[in-house]
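Written below as structure tokens is the structure these notes are about.
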Amino acid sequence: MALEDAKTQIDMAFTRAERRGPAFENAFGGAVSFLRRAYTKDLTGVDLAVTGVPFDQAVTNRPGTRFGPRAIREASTLQAFDAPYGWGYDPMSEMNIVDYGDLAFDYAHTASFPDRVQAHIAGILAAGAGTVTLGGDHFITLPILRAYAEKFGPMALIQFDAHSDTWADDDMSRIDHGTFLYKAIKQGIVDPAATVSVGIRTDNPDTLGVTIVDAPFVHQAGVDETLRRIRAVVGERPCYITFDIDCLDPAFAPGTGTPVWGGLASWQAAALLRGLAGINLVGGDVVEVSPPYDTTGATAVAGAHVAVELIALYGWTRRGAR
Ligand code: MN
Ligand code: MN
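Each residue of the sequence shown is one higher than the last, beginning at 69 in my numbering.
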């Protein structure tokens, strides 16, 4: 069945009629969408929209994440055939998931960029769908969270990152990937008492009340104890996950702008994301994948896996309601 489909199906990003089900199109050919979902702006009946924000003008060091969404989509074609491992259900078959395409913006009008991101995400949320966003550098998470806070109030947040991203920005106007969480907390978008940062391994003088579960803790205490700490912070609240790919060690994710050694292995990230099943996830993103520095493609593969896990988490919470 699958082999026959691979011989006859092509460009399912545009040709598939249904919103659900796996795709057996050859991984190496055809038009690319995330997980071979329908590439559409029609959000009718959609549970979850995957969208790209190809923006990298806020980075401290190496750029390139503007190419992230495209590379993650391509890497995701390897996962479009069957359910993600270890969940016991197939979110592709149980949810209406579409690829909503990328945010349109004028790269030379950076001042208007944050509002455009916020409106883009708010439009999807208003249609009743959740979002999984492919970045882009970590600045994009600030306007995304603004859109979520408009709907849900101050958010609980799980941040996977090597950096706390709480550097001060006193006039709140800098478009900077190292200050997204500072601004989100200072502006009341994110509740620091319900925020946990996992995988941190760089100093920051002020974490603003965020719970830090740093990389050495994860390595020494293990996955289960790390999960207990995360769950204790976010509880049952509507929760957003932002996954900066530099949370992973550069051995697993070299293609990123500000790599730091001593990070999480990909198996640890996979175990943590799956171990969070049941949290009230309302959306998420994977950011900082920089294909020009991703010489093997491993970083894009990791980014695609993170996005699929976010989708599986989102669907898991909603299975009981259907
Ligand atoms: Mn980082
Ligand atoms: Mn970050």
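Glycine included, each C-beta is placed from N, C-alpha and C at the ideal position.
These numbers were taken from a predicted model, which means no experiment stands behind them.
Next item on the list: Kindly provide the ranges of any alpha helix (DSSP H) runs that are 4 or more residues long and lie completely inside the region 132-186, ordered along the chain.
Entry: You should have 136-144, 159-162.
Checklist line | Collapsed DSSP secondary structure at MET240 in the structure displayed | finding: Looking at MET240 - three-state DSSP - the assignment turns out to be coil, as it is neither helix nor strand.
Next item on the list: Using 7 Å as the cut-off, classify the Cβ of HIS188 as near or not near the heavy atoms of ligand 2, replying yes or no.
Entry: Not so, every heavy atom of ligand 2 lies at least 7 Å from the Cβ.
Next item on the list: Give the secondary structure of PHE311 by DSSP, where H, G and I count as helix, E and B as strand, and everything else as coil.
Entry: Three-state DSSP puts PHE311 in a strand.
Check: For GLU377, is the classification buried or exposed, using 16 other Cβ atoms within 10 angstroms of its Cβ as the cut-off for buried?
Finding: Buried, since its Cβ has 16 or more Cβ neighbours within 10 Å.
Notebook entry, point to check: So the beta strand (DSSP E) ASP282 belongs to, where does it begin and stop?
Noted result: Its beta strand (DSSP E) spans residues 279-282.
Item checked: Coarse secondary structure for ILE268, derived from DSSP in three states -> Reduced to three states, the DSSP call for ILE268 is strand.
Notebook entry, point to check: Is the beta carbon of GLU356 within less than 7 Å of some heavy atom of ligand 1?
Noted result: Flag set: Cβ of GLU356 near ligand 1.
Margin query: Run through the DSSP bridge pairs and tell me what PHE285 is partnered with.
Written below: According to DSSP, residue pairing for PHE285 in a beta bridge does not occur.
Next item on the list: Flag ASP271 as yes when its Cβ comes closer than 7 Å to any non-hydrogen atom of ligand 2, and as no otherwise.
Entry: Every heavy atom of ligand 2 is 7 Å or more from the Cβ of ASP271, so no.
Next item on the list: Please name the residue in ILE212, TYR361, GLY132 whose C-alpha comes closest to that of ARG184.
Entry: Taking only the C-alpha atoms, the option nearest ARG184 is ILE212.
Notebook entry, point to check: Is DSSP giving ILE226 helix, strand or coil here?
Noted result: In this structure, ILE226 counts as strand in the three-state DSSP scheme.
Notebook entry, point to check: Would you say TYR382 and PRO322 are within 8 Å of each other, going by their C-beta atoms?
Noted result: No, the Cβ-Cβ distance between TYR382 and PRO322 is not below 8 Å.
Check: How many whole angstroms separate the CB atoms of ILE298 and VAL266, which I take to be in contact at a CB cut-off of 8 Å?
Finding: Indeed, because the Cβ distance is near 7 Å, the residues count as touching under 8 Å.
Notebook entry, point to check: Would you report the Cα separation of GLY98 and ALA151, rounded to the nearest angstrom?
Noted result: Pairing GLY98 with ALA151, the inter-Cα distance amounts to about 21 Å.
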